[in-house]
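Asks: Chains as they are written, first to last, in my numbering: chain D, 212 to 577; chain F, 212 to 577. Here's a structure for you.
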């Protein structure tokens, strides 16, 4: 399959069966929200109850859900039989039955929890960590998936423009985040995670928006993501209030160079760690401007963070159809942080940036 | 410890050590967001990176976080040493070192994932499913926790009153949900999950708000939850647009009786399944009004859903300090659903309903 056509959920189930057979598995058990959505079109809301797609390599598969959710899986792939369990069951007996005698079962080791893996082993199953089989299917996006990530990026771009246009000294950090999230939801995002941080708070890439007001001299680091029609878009832009400081200008120029270098490195066949190395060499070259606290980015699609991760330990070569956030940053405690992020799809002959919002250090209106 | 005093994170770590020692464990490994928050005061935002609190029974514990998040754990319990790992590590070596030679390690089996449990076993650890140790500590809320759930309930009550006051035929289901979520966030909720469903969409307890407009004759089933200062409150009220139908009146009266019966059953020493049985006997007595699709409720606190669950298979006896949602419902496909939900704390001599919003079938303004 070329990365440029669309795939049906049935084709995805069949490809999973092939890959599982090649790995000498009897069945594959998908348990993450996103993998279930990929294979069935139904995205569960998982709390304590079990949801799973069970696919024996030689037989019909099943989608296992609490009875409460049975009404929502009628549209699952014709290759997946809906199986439900009552509130009196933990669903494992029904799941084991759906595995239909399979012994060697591939699982998503980053999702299946210890309690369930032990219970399945107690039923005689041999569990094999095989999340990469699922990850490899999901990481080469098809044309429909690329279009959806692009549509999510476009929504996030509009939110960034709107937010920076309205930003004024005196606004409260927490309120700005709530208002952007609300707007993204009103536009149809099923989930939205704005992380807009002011001044010194932006020095922490995972800082929490608080009651602080925007002040003259602040940098603003605005990381916005939204899930639209199942797929995420994720962008970051920065601004300053009043005239940018020497630090802000130098940090921003450095991060822009680092982002360009990492995007340039996004080509089929290049190891994921090389994309990280391209930005890291630049960001770490100026320790007086701050610290390099994270990798170059991560794949994005049905999940906001999915493999491959663009970090020093990832050897995975990039493939056509992969979509990554490219988001280098530099952070100085007490001063602030600068990050620039776009979403980039790997093409046969290079790459395509899915967002078109210009890179500029926005000057926030007075 | 009586349930009516507050506990420090250090006391909680010490109690965990005692319980783990009693269970002949060498250490306990907490990995869920909420358990980490309970023991350290720091609530992580977990994506693919490891966060953990590791507590050897005889030695100092550690809180293990990515370097990125080290700045946020300075205030962790004095009994927990902050340990961080670089982007080049998956954190497991640092975690194993923090376990300090412990062999028999209790884990949260509903959270620790298969990939990490296998990696820890490969390092020679014997893992024991011991989530109930942590659950038992967390399920008896102290006075500070009860006060916080009550404060979250008060916020949700205000949101319900506001929402029903403003509701008019013609409003769009999705917009009403977005607006209520926004308001809850503006009031300081770190997370908020409104689920306000109109008409036939309310027949699915996990339905998704859509583009449908509110119409005369609709029931409205409004389930609102919010996390404020770390703790959740969760309430449901219902209304009708125009004169309530015979079905709506009968279903609402039945659910009110079922809720009263389940609340009445909330007493220390009663098995959790008995609370469910109290509502189920009533709801299932009138199949012509609809189906009983879920249990009586669940404990609530740092997590919106936490054990014990009030379902037919839970034998756990209720204890003083436990807080439950009590939320029976009845659902008729094509027509709608009725649910009533309050949060109830088990007291030494009975129970206390933490919310005070009157039970009424709201008549939505024309």
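Built from N, CA and C at the ideal position, the CB exists for glycine as well.
Less than 9 Å between the beta carbons of residue 437(F) and residue 345(F), yes or no?
Replies: Cβ distance not < 9 Å, so residue 437(F) and residue 345(F) don't count as in contact.
Asks: What residues in its chain sit with their C-beta under 6 Å from that of residue 525(F), if we drop five residues either side in the sequence?
Replies: The answer, listed in chain order, is 483, 484, 519.
Asks: Report the residue from 415(F), 261(F), 386(F) whose alpha carbon sits nearest the alpha carbon of residue 423(F).
Replies: Per the Cα distances, 386(F).
Asks: Give the secondary structure of residue 498(F) by DSSP, where H, G and I count as helix, E and B as strand, and everything else as coil.
Replies: Correct three-state label for residue 498(F): helix.
Asks: Can you tell me which of the three DSSP states residue 571(D) falls into?
Replies: In this structure, residue 571(D) counts as coil in the three-state DSSP scheme.
Asks: What alpha helix (DSSP H) runs, 4 residues minimum, are completely inside the region 467-550 of chain F?
Replies: Qualifying alpha helix (DSSP H) stretches, in chain order: 483-494.
Asks: Starting from residue 274(F), follow its DSSP beta bridges and name the residues at the other end.
Replies: Residue 274(F) pairs with 264(F), 293(F).
Asks: Using the beta-carbon of each residue, which ones in chain F are nearer than 7 Å to residue 298(D)?
Replies: Result: 505, 506, 522, 523.
Asks: Just to confirm my understanding: we take residue 580(D), look at its own chain, exclude 5 residues before and 5 after, and list those with CB closer than 7 Å. What are they?
Replies: This structure gives no information on residue 580(D), because the portion of chain D shown stretches from 212 to 577.
Asks: Let me know if residue 379(F) comes out buried or exposed under the rule of 16 or more other beta-carbons within 10 Å of its beta-carbon.
Replies: Exposed.
Asks: Looking at the secondary structure, which residues open and close the beta strand (DSSP E) in which residue 218(F) lies?
Replies: From DSSP, residue 218(F) is part of no beta strand (DSSP E); its letter is neither H nor E.
Asks: Taking a contact to mean a Cβ-Cβ separation below 9 Å, would you say residue 366(D) touches residue 400(D) in this structure?
Replies: It is a contact, given that the beta carbons lie within the stated cut-off.
Asks: Assuming residue 420(F) contacts residue 388(F) under a Cβ cut-off of 8 Å, what Cβ separation, rounded to an integer in Å, is found between them?
Replies: Correct: roughly 4 Å between the Cβ atoms.
Asks: Among 369(F), 560(F), 229(F), which residue has its Cα nearest to the Cα of residue 531(F)?
Replies: It is 560(F).
Asks: So residue 278(D) contacts chain F; which residues on that side make the cut at Cβ distance below 8 Å?
Replies: Ordered by position in chain F, the residues that pass the 8 Å Cβ test against residue 278(D) are 504.
Asks: Are the C-beta of residue 379(F) and some C-beta of chain D separated by less than 9 Å?
Replies: No - not a single Cβ of chain D is within 9 Å of the one on residue 379(F).
Asks: So, at 6 Å on beta carbons, what are the nonlocal neighbours of residue 213(F) in its own chain, with the 5 sequence-adjacent residues on each side left out?
Replies: Only weak support is given to the placement of residue 213(F): the predicted model assigns it a pLDDT of 37, under 50, and the value that follows is read from those uncertain coordinates. No residues qualify anywhere along the chain.
Asks: Between the Cα of residue 348(F) and the Cα atoms of 247(F), 358(F), 467(F), which residue gives the shortest distance?
Replies: Comparing Cα positions, the closest option is 247(F).
Asks: Could you check what DSSP says for residue 325(F) in three-state terms: helix, strand or coil?
Replies: Residue 325(F) falls in the helix class under three-state DSSP.
Asks: How big is the Cα-Cα spacing for residue 215(F) and residue 529(F)?
Replies: With a pLDDT of 43 at residue 215(F), under the threshold of 50, the predicted position of this residue should be treated as unreliable, though the coordinate-derived value follows. Going by the C-alpha atoms only, they are around 16 Å apart.
Asks: 9 Å is my cut-off, CB to CB: does residue 244(D) come that close to chain F?
Replies: Not an interface residue.
Asks: Nearest CA to the CA of residue 243(D): which residue from 251(F), 228(F), 259(F)?
Replies: Of the listed residues, the one whose Cα sits closest to residue 243(D) is 259(F).
Asks: Under a CB-based cut-off of 9 Å, is residue 306(D) close to chain F?
Replies: No - not a single Cβ of chain F is within 9 Å of the one on residue 306(D).
Asks: Do you know whose CA, among 261(D), 375(D), 343(D), 534(D), lies nearest residue 330(D)'s CA?
Replies: It is 261(D).
Asks: Provide the residue span of the alpha helix (DSSP H) that contains residue 183(D), from first to last.
Replies: With chain D covering only 212 through 577, there is no way to say anything about residue 183(D).
Asks: Can you pull the chain D neighbours of residue 562(F), defined as C-beta to C-beta under 7 Å?
Replies: Chain D residues near residue 562(F): none, gap ~23 Å exceeds 7 Å.
Asks: Tell me which same chain residues have a C-beta within less than 8 Å of the C-beta of residue 576(F), skipping the five on either side of it?
Replies: 376, 378, 379.
Asks: Counting only the same chain and skipping the five closest in sequence on each side, list residues whose C-beta sits under 8 Å from that of residue 271(F).
Replies: These residues qualify, in order along the chain: 290, 291, 292.
Asks: Going by DSSP, which residues form a beta bridge with residue 438(F)?
Replies: For residue 438(F), which the question treats as bridged, DSSP gives the partners 402(F), 443(F).
Asks: Quick check on residue 314(F): buried or exposed, where buried means 16 or more other Cβ atoms within 10 Å of its Cβ?
Replies: The residue in question, residue 314(F), is exposed, as its Cβ has fewer than 16 Cβ neighbours within 10 Å.
Asks: Give the secondary structure of residue 414(D) by DSSP, where H, G and I count as helix, E and B as strand, and everything else as coil.
Replies: Helix, per DSSP.
Asks: For the 8 Å Cβ check, are there 3 or more pairs between the region 219-229 of chain F and the region 553-568 of chain D?
Replies: Short answer: they don't touch.
Asks: If you reduce the DSSP assignment to three classes, tell me which class residue 389(F) lands in.
Replies: In the structure shown, residue 389(F) sits in a helix (DSSP, three-state: H, G or I).
Asks: Using a Cβ cut-off of 9 Å (strictly closer), state whether residue 515(D) contacts chain F.
Replies: At least one chain F Cβ lies under 9 Å of residue 515(D).
Asks: Within this structure, are the beta carbons of residue 521(F) and residue 459(F) separated by less than 9 Å?
Replies: Not a contact, by the Cβ cut-off of 9 Å.
Asks: Just reading off the beta strand (DSSP E) that residue 370(F) is part of, what are its end residues?
Replies: Element bounds for residue 370(F): not the beta strand (DSSP E) but the alpha helix (DSSP H), 354-377.
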